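Visitor:
Protein chains in written order, with our numbering: chain A, -8 to 501; chain B, 3 to 172; chain C, 263 to 366; chain D, -13 to 596.
1) Looking at the unbroken alpha helix (DSSP H) that takes in residue 163 of chain D, where does it start and where does it end?
2) Near residue 4 of chain D, which residues of its chain fall below 8 angstroms by C-beta distance, leaving aside the five closest residues on each side in sequence?
3) Is the segment 238 to 246 of chain A touching the segment 145 to 158 of chain A, taking contact as three or more C-beta pairs under 8 angstroms?
4) Is the CB-CB distance between residue 78 of chain D and residue 28 of chain D below 7 angstroms?
5) Output, in chain order, the set of chain A residues within a Cβ distance shorter than 7 angstroms of residue 125 of chain D.
6) Counting only Cβ pairs nearer than 8 angstroms, list the residues of chain D close to residue 365 of chain A.
7) Hey, does residue 33 of chain B have any beta-carbon neighbour from chain C nearer than 7 angstroms?
8) Quick one: list the residues of chain A neighbouring residue 104 of chain D, beta-carbon separation under 8 angstroms, in chain order.
9) With distance defined between alpha-carbon atoms, name the residue in A:104, A:374, A:173 nearest to residue 346 of chain A.
10) Name the chain B residues that come within less than 9 angstroms of residue 568 of chain D, Cβ to Cβ?
11) Would you say residue 112 of chain B faces chain C, with C-beta separation under 7 angstroms as the test?
12) Of the choices D:162, D:594, D:573, D:595, whose alpha-carbon is the least far from that of residue 360 of chain C?
13) Taking only beta carbons into account, state which residues of the segment 278 to 306 of chain C come closer than 8 angstroms to chain D, listed in chain order.
14) Do the segment 314 to 321 of chain D and the segment 396 to 410 of chain D make contact, defined as three or more Cβ pairs closer than 8 angstroms?
15) List the residues of chain D that residue 109 of chain B touches, going by C-beta distances under 8 angstroms, in chain order.
16) Which chain D residues sit within Cβ distance under 8 angstroms of residue 399 of chain A?
17) Pick out the complete alpha helix (DSSP H) segments inside the segment 444 to 490 of chain A, 4 residues or longer, and give them in chain order.
18) Closer than 9 angstroms, Cβ to Cβ, to anything on chain G: give me those residues from the segment 328 to 339 of chain C, in chain order.
19) Is the number of C-beta pairs between the segment 339 to 351 of chain D and the segment 276 to 292 of chain D that are closer than 8 angstroms three or more?
20) Please state if the CB of residue 126 of chain B and the CB of residue 333 of chain C are separated by a distance shorter than 7 angstroms.
21) Below 7 angstroms between beta carbons: does that hold for residue 423 of chain A and residue 382 of chain A?
22) I'd like to know if the segment 49 to 57 of chain D and the segment 463 to 475 of chain A are in contact, where contact means that at least 3 CB-CB pairs between them fall below 8 angstroms.
23) For residue 11 of chain B, name the three-state secondary structure that DSSP assigns.
24) Nearest by alpha-carbon distance to residue 144 of chain D: which of D:96, D:115, D:124 is it?
25) Label residue 355 of chain D either buried or exposed according to how many other C-beta atoms from any shown protein chain fall within 10 Å of its C-beta, with 16 as the threshold for buried.
26) So with CB distances below 8 angstroms, who are the chain D contacts of residue 105 of chain B?
27) Is residue 547 of chain D close to chain C? Criterion is C-beta to C-beta, closer than 7 angstroms.
28) So is residue 568 of chain D buried or exposed if we call it buried at 16+ other beta carbons inside 10 Å?
29) Between residue 192 of chain A and residue 68 of chain A, what straight-line distance do the alpha-carbon atoms span, to the nearest angstrom?
30) If you count every other CB in all the chains shown that lies within 10 Å of the CB of residue 76 of chain D, and 16 or more means buried, which is it?
31) For residue 524 of chain D, does the three-state DSSP call read helix, strand or coil?
32) Can you tell which of A:343, A:311, A:351, A:352 has its C-alpha closest to the C-alpha of residue 332 of chain A?
33) Nearest CA to the CA of residue 127 of chain A: which residue from A:182, A:63, A:114, A:246?
34) By the three-class DSSP mapping on this structure, what secondary structure does residue 391 of chain D have?
35) Let's test the definition: count the other Cβ atoms within 10 Å of the Cβ of residue 363 of chain A and tell me whether it reaches 16, buried, or not, exposed.
36) Between the beta-carbon of residue 320 of chain C and the beta-carbon of residue 312 of chain C, is there less than 7 angstroms?
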């Protein structure tokens, strides 16, 4: 039940936030903060009280920590099934932590309908948490939609100048791809029922369903599209810059920090294990898309003059690494992908927070109207520098560990794609430093009133910096949590490479 | 002789209808329409449906057409409306509707069974109709009453606004 | 009193003709009053076909359907004419080409 | 805590402290922190070095496991052998002197503590680089020094040109770093480890000399080395990097960071020995770079750019040494170069400092008497640079040329090229001395160098002059290399720099020889301009790489992929419009369409009935 309670805490907190506004304008954010802290404490309490040795399960082959299954619509074999393993745990913790960051970043930014704002924020968190925990595909789809609608509202109501367009674009992209996924889910369950004799939407029952090759490919494609639109991968990424740019800071933080991860999570948990053969066939294309995303995102990030758009494109570039890592499907690359999810969540959230802070002070996101901000706000400049360096993959910070692991894992599979993707590291250097140059360096504008970061902002930033340094220098705890999950996934799908990879590296290269 | 009367009435019904629908003046058209309805009533009678013939005269030619008359009188269409109607009856405006109507007619002709069969010649009395009506068709009667009630309420609603609040805009 | 024995097709041809004329009027006329008249003609034509068919078998059903049609016609025309009044008031015209608020 | 781990930790902690304090500390405390930490670190190095001299034991320490996934287990671990000791000594020793010098040089700068934070961070990263026991940790230091270089070149951020130079430095080296990262991937994929010593052992046992894989792997590593060490074709960032404060140039862009590439190749020399083709390429690239940079140095006017080109040129010598297999000669030159080039930069910095930030040598002149300490330093530095006999540079360069000569086949060509380079070196270094310190005074110095500047200069003078007698503990690291001493070659080696000196004297001081006929001709002017702009390689890259990139970026700026999605939206909108246009609002039109529908329906029914 603990997982249900976790989701209920978030949903209930949202309702409470709406009512809290009647009491006091400031109440909702306190409610929101308290809710997330409560959820976090509760989750950690549950995890630490697990009967098994923390985070590793002796039971051979199973990496699950908590499992709950309730009847829901037995007529169609739909059940309310939640489960958690190390991967879900990592991502849920990341979700809640970034939730805190998002509340902090919206502390003084939102000035109307506070209650509804915080409620939407909490409901998004609840939806995302549900996505990470749902083990019934129907329920998964439900949560998939649940996280979408509050996010849409966050952009559409509290967004910036072009919010209607951005919100609608976000909604149409994700909704349409979600529809494809629903079709795929239903086809899959139907096909499985033909084989098993009874309907079931449970992930565990559907694992190992064999479809004929052609059908498997199309069904896989439905899932793949849903997840890569969310990821987002080139060329399905175009909703992202608009949505990120127009969303309020907290919305951007949530979008970049965790909503994108649901796509990666879906690929890792659902798309590849359920359709190993089709994925194997599709892996080269997926990897090519990933590499294209890495390069394309980096080039376009450089081309932007809008701070938030730049960060948004850098997300496209970074998530390309995740796609690469997932389809390389060896332990190193998968660990890298998981690591990238966490590290990118933190670093990009921080950059969006930075953008939000600048916009709040200067009322513009155009970097050509900034310049020399370091002079006015050295603390902010130092933070920006830190996260720009994290973004370009400076060793010693989390993003580097992630990218390096992805690439080193990928190299064993696809050396040429690795070489292309590695160019993304050069691209990252170009755009990240260009951002620093435009916004923080150069000649400061005379007589500009510009407040530096205050205590609340510095505390948030410092927390994220510590997190990134920790991830960069001692990532082992995260790796250890994810390892049993990746092992069990790799038991299901041993490899996505059809032929022995290493034998021909020399031949391929020269 | 009676058959001749039948075909005469048929010709009258058709020609009166055509005339009614080509008049520019609404009042004239209405007179022709009443004529057409009366001719149809004759047809009914001749086919052995006296009850239908009576209702045709009473309700169609009587009540409904009188309603039209009232409305036309209330609206006071005048010359300009007439001019407009006349201009609408240009030859070129006839083309598409004409083609359409002809096509429809041709199709309906195909639909008419070719096997020549005569009407029975037996008259169906109002009593039989009444028995049938409140026997197997009682549900239809209820539906019709409901429809009439709806029509009544609708007409009242529309008309009331016209009458009571005619001064105000909307 | 007996009825006349007439080929059914003849009546049906007449009904079809009347129906087509009604349609023609509906398509041709711009004045809503004429359109309503055309509708009456079409309903009447349908009624004629039913009555004729009833007479073919000597059954009452044809006349009953006629009655129902009559009810429909009455309800339709009462509402229709109410609408005519409203249209006249709002648009100051009965020309349905001018009163084209339904344009998409 | 272990002395070994203290060495990089001290500057690192100091850097963190200075950053967190964010300029709130008084300047004196910042200075004490910044200089003191490096000084303590240097003391630790000295202790370790003495211990090493005593027992010759390689020192290793593992702090913690960084990442452990299956076989991939790089640790935060240090490995200190003779090569590392040499590098550490140079970094902390020269680094300490430069830090001390900076206290005075930067005294009036508002971002004093930020400067020392970056400098300390750099020292920490550089130490990490040389002490790393695995290539991943080395890569961390490698990138770390790159970032610090970026930060320090762009230290005066208000001038966008400095930012440009800083970014160029970082991005160009990043290109090389990317190649190096690929090299690491290849090494790990093939050999299953990144720990340097096991890696070398595995390579020696699994790979054959001249095989494809070693060549490929070393070529990729070489890419990284070329970028970091500013060798052809990735050398273009270094002259621009002179935008930073002069002590930065001395520390990063002369003494330490730019020699990281040399260190990398020396550290992985066993791999390179497996790939003779790469090694030969190293030699040729080194030679090409040293000549090219020497010619470019001849034509520069900016005192720091001359030194920058000379740095590139000298690192070319080191690469030449590595390429011909004379690793210890290369490292020897690395060390002596660190001494005399740091000295030259610091002296140049003193000149610039005293002449209110004047960089153009033709607006200096006659400073011999006005800045005697600086003049002496510069003279000794130039002499070492030009490899005049018995200076430190002489010994190192001589052993390189000797090693080149003794190589079969290509040896004499390399030797001749190196010799030409030596001649040019002597000419341009004494051109600098003669123009700046002799002749008529053009600008009056407004202040004198204080003791914090003078002391480092004097110590470096001693090192530059006498550094040739320092013996390096490298015998256990590199394979022994004995060559026959050919006396003729030695004599030529001694004579050439002297000829260069003479030529420089005749050309720039005595004016007995005049180049005016040459430089006045259009050909000469063009050549001079060509060299001034560094063989126009910058322009080449600008047109070949930068412009296509920015052009492409500008082209894609508004998201071309959206064209596709917008076309879908457009098609929908068009169909919406065309569908709604049939909603005319005319009742008759609706009636007609209904009739049409009726006709069609009836037709279908009839068809089905028949």
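Where a beta carbon is used, it is the ideal one built from N, C-alpha and C, also for glycine.
Since the structure is predicted, the reported quantities are computational estimates derived from the model, not experimental observations.
Guide: On the basis of the data shown:
1) 146 to 177
2) 11, 16, 19, 20, 99, 100, 102, 103, 106
3) yes
4) yes
5) 386
6) 143
7) no
8) Those within 8 angstroms of residue 104 of chain D in chain A number zero; the least Cβ separation is about 11 angstroms.
9) A:374
10) What residue 568 of chain D touches in chain B: nothing, since even the nearest Cβ is about 15 angstroms away.
11) no
12) D:573
13) 285, 288, 289, 290, 291, 292, 294, 297
14) no
15) 585, 588, 589, 592
16) 58, 170, 171, 174, 175
17) 446 to 464, 467 to 483
18) Absent from the structure: chain G. Protein chains present are A, B, C and D.
19) yes
20) no
21) yes
22) yes
23) helix
24) D:96
25) exposed
26) 585
27) no
28) exposed
29) 6 angstroms
30) buried
31) helix
32) A:311
33) A:63
34) helix
35) buried
36) no
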